[in-house]
Every structure is written in structure tokens, then in C-alpha cells.
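The structure is reproduced here in C-alpha cells:
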């Protein structure tokens, strides 16, 4: 349960303080972590000691100690030397590793609980019972962040992210697949969505500073009870997927900012094709030339304001009117009319959605 690197860091830290060499073996005598090579010669003696009823023993001028995980022998600690001082340091080291086992087991239990909670794998009564046993507050404001990277990560990388992002001990960090890191963030009463957006950008900056690239972060709505955490997770997951289609330029996207894109994402593709065919008679609205598409997008950005759009495009107002008239003749839609503008905007988004779904099929 504890990685060999953690074991090595622990005994190296103790050696730096006490100047006494230590080694950690499994019950078969295999070395897991050591600060002195001679410990590897103790393999047979460790296996024999593990079978004995003794809790500690001096063998080959080394102190041996047993370390348990819930009454199950997990490790044998070897302290190099037979003096009382070495015995004391060995006892301290064994006690430290024993506590590490307990801490990691608790984190493992919490990690499993959070994963099952996020994935809706728990009955309501089990949620509250297990939360109570794990000392997790059930009535506190929380929100889910999903951090997606472009490559798969191993457990060691996840531990690194936990140390980077886990500045607040109340925040919980886990993973449900190879690429996505889930941050279950607890909130103060005064914290709202502006603070959530700030937190997301802080996470983004931290990971970019560590050399991570192609990061996307999405977050759901704030929930007030632990049973609703899965709801915020599903919202964050939806925001991540919808954001790739309609907000590709954004690295951070909130569920509350998805707008009509959230509705379009849930439409069946055949219905979308029928809509485009009926409105544009088979022609795709994104097949216009670059100048026309730029004009359309800028017109929408400026809330259908002709004067502001022509100013930002550095063209005469009459030139913009000419382009809009030309578009009206080819599509039957006048973008200066709100209803037609809405239809055209939705059509552009529907086409984006269909093209995205086509790429997902391959």
C-alpha cells in the first residue's frame, strides 16, 4: 500500500537524524527500501524471523522488528547494529512506518469512497454511514473540478499532483481514469462562482508551471450535501465535453456557462442533420468563404450592432450591409432580424457538434 519510494524517504530521513542505517523487507526477505547494502544479506534471516513468534530480535548484529497492518504482518524492519541506541531507533522507525500504514489505509478508504460517490455507486444510507466512519463532513458546500491532461499518468504522478494541489487539507484529490484528475473542493460560506473560476485558473497555472500542457479544467455547480457531489461531477464532466466543441479556445469552462451548447450536445445527430437540411437546403452554414464567416462571427460578437461591427472590421457600414444582404439572398436569413440571427447561430453550433461527433466515431 505504501510505495517503496515513500519507505525509502522515511528511513533516509531517520538516518539523516540518527546516523543509523535501516532497511525495510517484505515477509519473504526481499528488500523494499534500505540505506545500507548489507541488509540484502539478511533475507533468509528475515524470512525465518517472520515465521517466529518474536516481535523483535537481534540476528547477525542487526535488530529486527515486525510491522503489522491490522494484525497482518506487512514488513520487517532491520536496524544495523546491536546496541540499545540502535534498538531505540529501530522501535521509532517501526512505529513511524506503522503510522504510515494507517494513514495510507485511511486515504485509500477515503479514495474508494469518493470514487464510488462520484460514480453513483452507493446507496443513500451507505453514503452517510461510510462518511461518518471516515470522518467526512456531510453537510458542507462542495464543488467538483475535473482536470484533463493530454497524456496518461501513473500513481506517482497523481501523488505529485496531490502535493501540488492539496494546499487545503479539506480538499480531496482522486482519479477515476488515466487522464482526468478530480478535485473535490470544499468551500467557505462566502465563496461563490467567481472564486471557483479563480481557483480553476490557479490550478491551471500550477500545472503549467510543472510542465503540463494541453490542460482543460471544468467545474460543476456548488452543492450543499455530500449526496449531491455526484451531480456536480456529472455537470463538470458535461462541461468538459461540451467545452471541447463550443469553447475550444477556453482552458477553463464552467457548467453554468455552457448556455445553449448544453442542449445541442444532447440532440441526436440525425435530428441535427434534418435541421440543417431543412434550413439551408443541404448546404452547411460553415461552408461560406472566410470573409463571410468572419463577418458573421464579428456581427454576433457585437450583438448584431452594424456600426460597431463595421468599425471593428475596418470596413464601411455600407460594405457590411452589402455582405448581410448577400447572405440573406443565399440563405433566406437576415442576421439583422433577431429570430433569423438566433437560427443561424444555432445552426453554426449544430454543425460544430455534428463534426465533433463524426471525429469521435473514428
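Numbering (the numbering used here), first residue to last: 2 to 363.
Even glycine gets a Cβ: it sits at the ideal position worked out from N, Cα and C.
- When beta bridges are read from the DSSP output, residue 222 appears opposite no residue.
- Counting only runs of at least 4 residues, the region 208-253 fully encloses the following alpha helix (DSSP H) elements, listed from N- to C-terminal order: 230-247.
- The shortest CA-to-CA distance from residue 328 to any of 314, 187 and 295 is the one to 295.
- Sixteen is the threshold: since fewer than 16 other Cβ atoms of the shown chains lie within 10 Å of the Cβ of residue 360, the residue is exposed.
- In the three-state reduction of the DSSP assignment, residue 117 falls in the helix class, which pools H, G and I.
- Exposure of residue 42 is indicated by the presence of fewer than 16 other C-beta atoms within 10 angstroms of its C-beta.
- Per DSSP, the unbroken alpha helix (DSSP H) holding residue 326 starts and ends at 318-332.
- Distances from the CA of residue 218 to each of 231, 250, 187 and 192 were compared; the closest alpha carbon is that of 250.
- Residue pairing by DSSP places residue 50 opposite no residue, since no beta bridge is assigned to it.
- Taking the C-beta atoms as reference points, residue 50 is found no nearer than 8 Å to residue 38.
- Beta bridge pairing from DSSP links residue 26 with 32 and 77.
- Three or more pairs of CB atoms, one per stretch, sit closer than 8 Å, so the region 17-37 contacts the region 81-91.
- According to the DSSP secondary-structure assignment, residue 175 is paired through a beta bridge with 183.
- Taking one beta carbon from each stretch, the region 114-127 and the region 227-238 have 3 or more pairs nearer than 8 Å; the two touch.
- Residue 150 and residue 184 have their C-alpha atoms spaced approximately 14 Å apart.
- The alpha-carbon of residue 76 is positioned some 7 Å away from that of residue 69.
- Rounded to the nearest angstrom, the gap between the Cα atoms of residue 267 and residue 213 is 31 Å.
- Listed as beta-bridge partners of residue 68 by DSSP are 76.
- For residue 95, the three-state secondary structure derived from DSSP is helix.
- Looking at the DSSP output, residue 149 shares a beta bridge with 181 and 217.
- A buried status is given to residue 352, since no fewer than 16 other beta-carbon atoms sit within 10 Å of its beta-carbon.
- Contact check for residue 110 and residue 135: beta-carbon distance about 6 Å, within the 8 Å limit, so the pair qualifies.
- It is roughly 50 Å from the alpha-carbon of residue 224 to the alpha-carbon of residue 317.
- Apart from the 5 residues on each side of it in sequence, residue 215 sits with its Cβ closer than 6 Å to the Cβ of 151 in its chain, given in chain order.
- Under the three-state reduction of DSSP output, residue 285 falls in the coil class, being neither helix nor strand.
- Spatial neighbours of residue 131 in its own chain (CB-CB distance under 6 Å, excluding positions within 5 residues in sequence) are listed in chain order as 114.
- Proximity to residue 145 across 241, 278 and 94 peaks at 241, based on C-alpha coordinates.
- Here residue 338 is exposed: its Cβ has fewer than 16 other Cβ atoms, across all protein chains shown, within 10 Å.
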